[in-house]
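A short write-up of the structure that comes next.
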Amino acid sequence: MSRLFCFGLGYSAEALARSLMPRGWEIAGTAREEAQCAALAASGFDMHLFQRDRPLDKASLAGASHVLVSVPPDEAGDPVLETHGDDLAALPELQWLGYLSTTGVYGDRAGATVDETTPPAPANERGRRRLAAETAWRALARRASLPLHIFRLAGIYGPGRNVLDAVREGRARRIEIPGHVFSRIHVADLAEVLRASIARPDPGALYNVADDEPAAQADVVAYACRLLRCAVPRAVPLAEAGLSPLAQSFYDDNKRVANRRIKDELGVRLRYPTYREGLAAILAAAPDS
310 MSRLFCFGLG YSAEALARSL MPRGWEIAGT AREEAQCAAL AASGFDMHLF QRDRPLDKAS
370 LAGASHVLVS VPPDEAGDPV LETHGDDLAA LPELQWLGYL STTGVYGDRA GATVDETTPP
430 APANERGRRR LAAETAWRAL ARRASLPLHI FRLAGIYGPG RNVLDAVREG RARRIEIPGH
490 VFSRIHVADL AEVLRASIAR PDPGALYNVA DDEPAAQADV VAYACRLLRC AVPRAVPLAE
550 AGLSPLAQSF YDDNKRVANR RIKDELGVRL RYPTYREGLA AILAAAPDS
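Be aware that the sequence shown starts at 310, since it is given in the working numbering, and climbs by one per residue.
This is the structure we're talking about:
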């Protein structure tokens with residue numbers, strides 16, 4: 310039986326896990342807090358507490374045929390690689406290792422298009438940490454012949470994490486920056502990309518994971534308001550939006566992310582090729598829609 314172990318069984322990894330369970334997969338994973346572990350264990354996942362200073366018992370990785378790493382690096386580096394890299398290298402049945410990175414490693418491109426051949430040039434500390442983690446995982450993969458696959462993710466949205474909720478709660482801001490766009494991916498399409506890679510492993514592969522239409526944040530908020538039949542808030546400059554430093558840092562980058570490789574090499578057909586289909590489906594599935 311196939312067994313997926315997820316370091317960081319959070320929003321993205323859980324979408325993959327829940328799509329695999331009906332197919333007969335065993336799912337194990339980690340969370341940082343006891344309450345998270347308990348909640349996910351109630352769904353049938355074999356959960357383990359993991360923190361940098363509280364590594365796993367090696368026995369918890371036994372039998373893993375596939376491993377997904379979604380834990381972000383911190384100022385000290387990648388906690389999974391540093392505490393369990395050698396353990397992963399020793400897994401006898403490992404067929405696929407996925408690492409979730411970010412398109413933030415490409416940095417600011419002034420609205421130009423990037424693909425997997427574009428040299429990374431991160432514009433902030435978050436992107437630099439991700440690129441350093443990618444490099445370290447590649448080095449381990451070369452040294453230990455690990456079946457590593459790297460996925461550079463655009464902004465993830467889906468049920469429970471989307472602009473519709475922000476509009477309903479009065480938190481939405483239409484931030485106007487001429488020419489600025491973001492790329493996005495619905496969490497269900499991300500799960501489909503990961504499943505396709507598992508079905509067609511290609512050790513060493515790198516994939517951008519984004520939908521077909523980079524779009525301005527202000528346009529997405531306006532569309533969400535139209536779906537909810539509420540007034541569209543006035544557009545404001547970034548300096549007046551009252552964002553946290555972390556949220557504001559996402560506006561450091563302006564680029565369009567090409568997604569041809571997931572289609573050509575993995576055969577993926579996006580269920581939600583733009584934010585319009587994605588948001589409309591989320592609204593249609595909501596209990597109060």
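Quick reminder that beta carbons are idealized off the backbone N, C-alpha and C, glycines included.
All values reported here derive from a predicted model rather than from experimental measurement.
Since residue i contacts residue j with CB under 8 Å, what's their CB separation in whole angstroms?
{"i": "F314", "j": "S379", "result": "At roughly 12 Å, the Cβ-Cβ gap does not stay under 8 Å, so F314 and S379 are not in contact."}
{"i": "D417", "j": "D561", "result": "6 Å"}
{"i": "E425", "j": "L515", "result": "5 Å"}
{"i": "C346", "j": "L329", "result": "About 19 Å separates the two Cβ atoms, so there is no contact after all."}
{"i": "Y466", "j": "V496", "result": "7 Å"}
{"i": "L325", "j": "L377", "result": "7 Å"}
{"i": "D511", "j": "P582", "result": "About 24 Å separates the two Cβ atoms, so there is no contact after all."}
What is the DSSP secondary structure of residue i, counted as helix, strand or coil?
{"i": "H375", "result": "strand"}
{"i": "M310", "result": "coil"}
{"i": "E323", "result": "helix"}
{"i": "Q360", "result": "strand"}
{"i": "F354", "result": "coil"}
{"i": "E501", "result": "helix"}
{"i": "D383", "result": "strand"}
{"i": "I507", "result": "helix"}
{"i": "Y408", "result": "strand"}
{"i": "R483", "result": "strand"}
{"i": "R477", "result": "helix"}
{"i": "V472", "result": "helix"}
{"i": "Y466", "result": "strand"}
{"i": "V541", "result": "coil"}
{"i": "V577", "result": "coil"}
{"i": "V490", "result": "coil"}
{"i": "R332", "result": "helix"}
Tell me where the beta strand (DSSP E) around residue i begins and ends.
{"i": "T444", "result": "First-last for T444: 434-453, but that is the alpha helix (DSSP H), not the beta strand (DSSP E)."}
{"i": "G394", "result": "Run containing G394: none in the beta strand (DSSP E); it sits in the alpha helix (DSSP H), 388-398."}
{"i": "E522", "result": "It is not in any beta strand (DSSP E) - E522 carries neither H nor E in the DSSP assignment."}
{"i": "I336", "result": "335-340"}
{"i": "D493", "result": "Note on residue identity: the sequence assigns Arg, not Asp, to residue 493. Segment 493-495, the beta strand (DSSP E) holding R493."}
{"i": "V518", "result": "515-518"}
Is any non-hydrogen atom of the ligand PLP found closer than 6 Å to the C-beta of residue i, if you look at the structure I gave you?
{"i": "H489", "result": "Inclusion of the ligand PLP in the displayed structure is not the case, the ligand content being empty and no account of it being possible."}
Keeping to the same chain, check which residues put their C-beta closer than 7 Å to that of residue i; ignore five residues upstream and five downstream.
{"i": "V566", "result": "T412, V423, A463, S492, N517, A519, P523"}
{"i": "V490", "result": "G420, P523, A524, A525, N563, R565"}
{"i": "A550", "result": "R482, I484"}
{"i": "G576", "result": "A505"}
{"i": "A398", "result": "L449, A453, L455"}
Which same chain residues end up closer than 6 Å to residue i when comparing Cβ atoms and leaving out the 5 residues on each side of it in sequence?
{"i": "R613", "result": "Nothing in the structure corresponds to residue 613, since the chain is present only between 310 and 598."}
{"i": "A337", "result": "F314, D355"}
{"i": "S311", "result": "W334, S374"}
{"i": "R570", "result": "E425, Y516"}
{"i": "S369", "result": "H357"}
{"i": "H458", "result": "G407, S506, A514"}
{"i": "S558", "result": "N433"}
Starting from residue i, follow the alpha helix (DSSP H) in both directions and report where the run begins and ends.
{"i": "Y532", "result": "526-537"}
{"i": "A348", "result": "343-350"}
{"i": "G587", "result": "584-594"}
{"i": "L457", "result": "Note, L457: premise wrong, no alpha helix (DSSP H); beta strand (DSSP E) at 457-462."}
{"i": "S558", "result": "554-558"}
{"i": "K572", "result": "569-573"}
Is there a C-beta anywhere in chain B that falls below 7 Å from the one on residue i?
{"i": "L536", "result": "Here chain B cannot be found, since the structure has a single protein chain."}
Between which residues of its own chain and residue i is the CB-CB distance below 8 Å, once the five residues before and five after are set aside?
{"i": "P542", "result": "A481, R482, R483, V530, C534"}
{"i": "R470", "result": "Y320, V496"}
{"i": "C360", "result": "According to the sequence displayed, residue 360 carries Gln and not Cys. So the qualifying residues of the chain are R341, P388."}
{"i": "P382", "result": "P388, R438, R439, A441, A442"}
{"i": "W405", "result": "S374, H375, V376, P456, H458, S506, I507, P510"}
{"i": "V545", "result": "R482, R483, I484, E485"}
> Is it a yes or a no for the stretch 532-540 touching the stretch 400-413, going by three-plus beta-carbon pairs under 8 Å?
Replying inline: no
> Taking one C-beta from the stretch 474-484 and one from the stretch 502-517 each time, how about it: are there three or more such pairs within less than 8 Å?
Replying inline: no
> Between the stretch 442-449 and the stretch 382-394, do at least 3 Cβ pairs fall closer than 8 Å?
Replying inline: Counting Cβ pairs under 8 Å, three or more are found: they touch.
>> Could you check whether the stretch 588-598 touches the stretch 445-452, counting it as contact only if at least three pairs of C-beta atoms, one from each stretch, sit closer than 8 Å?
In response: no
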